[in-house]
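The block underneath contains the structure these notes are about, expressed in structure tokens.
Right, here's the structure in full:
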């Protein structure tokens, strides 16, 4: 693969690595040199870059946590109009996050860069473009899915109608659900590098299903139905649509008290999941009780991932409740995670979007009370040169920037040890590895083989869901402000 035109550092907050700077190719394409890796993932026809991303993340365990931020390039407090370059994370620490999060709300024009009232083709292209931008900046891309209620036509917070039963094969809304998946397939397949390589994406559907705030959550469907719809989604995208650049993530919400049985209650099975995720927001201002519970659960998730050959991730994190109560929130969180030999093996941490206006800032920006702590949170930045080797992986890199203490987003992977290129081809480096060229060689070759428009939702402040990602804190009503849109664009999860 051709070298990326960008040089960049990527945030990595970790254990043995502080912040790793990346320059070269996308993380989704770099890997340790001369280290063939056997890869067993959900899609046995996955592209080389997709398998390389999985192998890269497995090797990343214990070497630093990658920092991620939802909508880093499309929303912020430091810019009004997205240009693909402006970023609150960059404004805060001088570099982009290692992981870029996007959402399927873009496909309906309910989140930028989707266009309200735009055509399907326009919004599909917008999501494809976002994925390309994240990849070009050395990042790994993740895609969450805030799906409309296919029965009522309302947003994902409308839990009426027993939706899952209607969208499964034979259900009255099955065709509508397939049309939704068709949009995802088109957007993901359209996200390609200049040489035509499909960019790997971590797809995270039906997240936080153990909570009751989404129509696919507890109390609105059965465990059997949840497992069936998750498996159907994977099989439709992989086998029917022929999409082979996806890794699939399962990510329930806290808390489990370290009990694997609770976490696995709705687990779709090893044949359908590549990434074991875990979402947890702190409404206690960094209390010892919350940190202890978080570490206990995160260690449990890592243990399960190690046993099953999966990638462990802190798929969503952040502070909720009254903003900025603990001036050392980021460093306190990272210290707690680093202190546990298992929890510290999480591969990345992604915090929610900075929707601007009166909404919460998950990533501190210049002038924010938590900025000093955020900057200290990752540690020293190191530079890494990455480049695609063997036509398998490539890491995106940005223009070199002066070394800084890179703070990850306030609620995101910044809780790791360094900045890095998160793309599969861009291996992460430990402190002292600056300047090494990374590459990854995989042992398995790749083989390829009327939509209904739902009501749009705009970003609004809902007093009852203040500071709660996706209205999340278990539906608890905190008294702050929070970005929740009718259709959920800026929702915390």
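Residue numbers (my numbering): 46 to 538. Every residue gets a Cβ at the ideal spot worked out from N, C-alpha and C, and that includes glycine.
- For residue 115, the uninterrupted beta strand (DSSP E) run begins and ends at 110–115, by DSSP.
- Contact check for residue 319 and residue 144: beta-carbon distance about 15 Å, past the 8 Å limit, so the pair fails to qualify.
- Put simply, of 119, 174 and 268 the residue whose alpha carbon is nearest the alpha carbon of residue 234 is 174.
- Annotation note: the stretch 252–283 contains the following uninterrupted alpha helix (DSSP H) runs of length 4 or greater, listed N- to C-terminal: 268–280.
- DSSP places residue 377 within a helical segment (H, G or I) once states are collapsed to three.
- Judged by DSSP in its simplified three-state form, residue 335 adopts helix.
- Counting other Cβ atoms within 10 Å of its Cβ, residue 285 stays below 16 and is therefore classed as exposed.
- The beta carbon of residue 147 sits closer than 6 Å to the beta carbons of 175 and 188 from its chain, once the five residues preceding and following it are set aside; these are given in chain order.
- Taking all protein chains in view, the Cβ of residue 368 is crowded by 16 or more other Cβ atoms within 10 Å, so the residue is classified as buried.
- Look at residue 120 here: in three-state DSSP terms it is coil, with no helix or strand label.
- Bridge pairing for residue 185: 144 [DSSP].
- Taking a C-beta distance under 7 Å as the contact criterion, residue 401 and residue 120 qualify as a contact pair.
- By the C-beta density criterion, residue 108 is buried, having at least 16 other C-beta atoms within 10 angstroms.
- Going by beta carbons, residue 335 and residue 324 fall outside the 7 Å limit.
- A residue is called buried when at least 16 other Cβ atoms come within 10 angstroms of its Cβ; residue 94 meets this threshold and is buried.
- Inside the stretch 283–332, DSSP marks whole alpha helix (DSSP H) runs of 4 or more residues at positions 305–308, from first to last along the chain.
- If you look at residue 363, you'll find it in the beta strand (DSSP E) that goes 356–364.
- Counting only runs of at least 3 residues, the stretch 391–418 fully encloses the following beta strand (DSSP E) elements, listed from N- to C-terminal order: 393–396.
- Assigned with DSSP and collapsed to three states, residue 246 falls in strand.
- As the crow flies, the alpha-carbon of residue 106 is around 35 Å from that of residue 222.
- Restricting attention to 377, 277 and 211, the CA atom closest to the CA of residue 339 is found in 377.
- For secondary structure counted as the alpha helix (DSSP H) over 4 or more consecutive residues, the stretch 187–233 holds these complete runs in sequence order: 208–212.
- Under the DSSP definition of a beta bridge, residue 90 lacks any partner.
- The beta carbon of residue 313 sits closer than 6 Å to those of 272, 275 and 276, all from its chain and outside the five residues before and after it, given in chain order.
- Burial is judged here by how many other beta carbons sit within 10 angstroms of a residue's own beta carbon; residue 92 has at least 16 and is buried.
- In the structure shown, residue 135 adopts helical secondary structure according to DSSP, grouped into three states.
- DSSP lists 243 as the bridge partner or partners of residue 237.
- Nearest neighbour of residue 263 by Cα position, chosen from 270, 254 and 269, turns out to be 254.
- Proximity to residue 352 across 215, 382 and 387 peaks at 387, based on C-alpha coordinates.
- Between residue 261 and residue 251, the beta carbon gap of about 5 Å places them in contact (Cβ cut-off 8 Å).
- Residue nearest to residue 98 within the set 310, 405, 244 and 379 is 244 (criterion: CA-CA distance).
- The three-state reading of DSSP puts residue 157 in coil, since its state is none of H, G, I, E or B.
- In terms of Cβ geometry, residue 399 and residue 393 do not form a close pair [threshold 7 Å].
- In terms of CA proximity to residue 192, 150 leads the group 160, 181 and 150.
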